[in-house]
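J.:
Residue numbers (our numbering): 2 to 186.
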């Protein structure tokens with residue numbers, strides 16, 4: 002009989018992947034499962050050193066990209082990040098305990114400066130915008146969370162939604178842009 006996800010033992014291969022991440026400066030809590038193809042980059046931007054902190058009992062699925070870009074990405078305990086999730090931490094990203102982020106989600110924490118015509122957009126700096134996702138949140142497949150957004154504890158975000166503004170705790174939201182359609186009871 003297979004183990005439930007929460008009780009599955011961490012394989013030797015996952016432990017080796019954990020050691021590799023730690024060697025590269027990523028903090029990884031105990032009993033975290035790291036699948037093949039996880040890309041974690043705490044790289045510095047200019048003089049700002051990037052930080053990635055992963056709590057215990059997290060599950061990082063294949064194809065995941067965590068890029069701090071001189072900012073900070075913090076995952077609390079027991080966070081699940083599905084296949085091909087992308088998180089950019091320029092302005093800081095925090096994800097609360099027991100949160101589920103389904104496949105192909107994107108979480109950003111910055112925006113780009115929009116200059117006047119005649120000035121190259123690419124030459125302009127990013128604007129850091131901290132992004133916070135609460136505890137016990139479920140982001141459905143393909144959700145995009147934009148910089149500067151706070152998603153309250155207990156929220157459920159429908160597949161394909163684009164979250165452009167803060168959502169209160171226990172909201173069920175979906176659409177583009179995501180809007181609150183009801184509350185969890």
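Using N, Cα and C, we set each Cβ at its ideal position, and we do this for glycine too.
1. Compute the Euclidean distance between the alpha carbons of residue 105 and residue 66, then round it to the nearest angstrom.
2. For residue 19, name the three-state secondary structure that DSSP assigns.
3. Let me check understanding here. Comparing Cα to Cα, which of 177, 124, 170 and 69 lies closest to residue 185?
4. Under 8 Å, do residue 93 and residue 131 count as touching if we go by C-beta distance?
5. When DSSP builds the beta bridges, which residues end up paired with residue 129?
6. Could you give the residue range of the beta strand (DSSP E) that holds residue 87?
7. Where residue 52 and residue 75 are concerned, what is the direct C-alpha to C-alpha distance, given to the nearest angstrom?
8. By Cβ distance, which residues of its chain are closer than 6 Å to residue 2, with the 5 residues on each side in sequence left out?
9. Relative to the C-alpha of residue 151, which residue among 14, 133, 47 and 160 is closest?
10. List the endpoints of the continuous beta strand (DSSP E) containing residue 181.
11. Can you tell me whether residue 123 is helix, strand or coil according to DSSP?
T.: Answer, in terms of the structure:
1. If you take the alpha carbons of residue 105 and residue 66, they lie about 10 Å apart.
2. In the three-state scheme derived from DSSP, where H, G and I count as helix and E and B as strand, residue 19 is classed as helix.
3. Minimum Cα distance to residue 185 is reached at 170.
4. Closer than 8 Å, so yes.
5. DSSP, once it has assigned bridges, lists 111 as partnering residue 129.
6. Residue range 87-89 is occupied by the beta strand (DSSP E) that includes residue 87.
7. Near 8 Å, if we compare the C-alpha coordinates of residue 75 and residue 52.
8. With a pLDDT of 46 at residue 2, under the threshold of 50, the modelled position of that residue is not reliable, and no figure is offered here.
9. The candidate whose alpha carbon is nearest that of residue 151 is 133.
10. That run of the beta strand (DSSP E) goes 180-184.
11. Here DSSP, grouped into helix, strand and coil, assigns residue 123 to helix.
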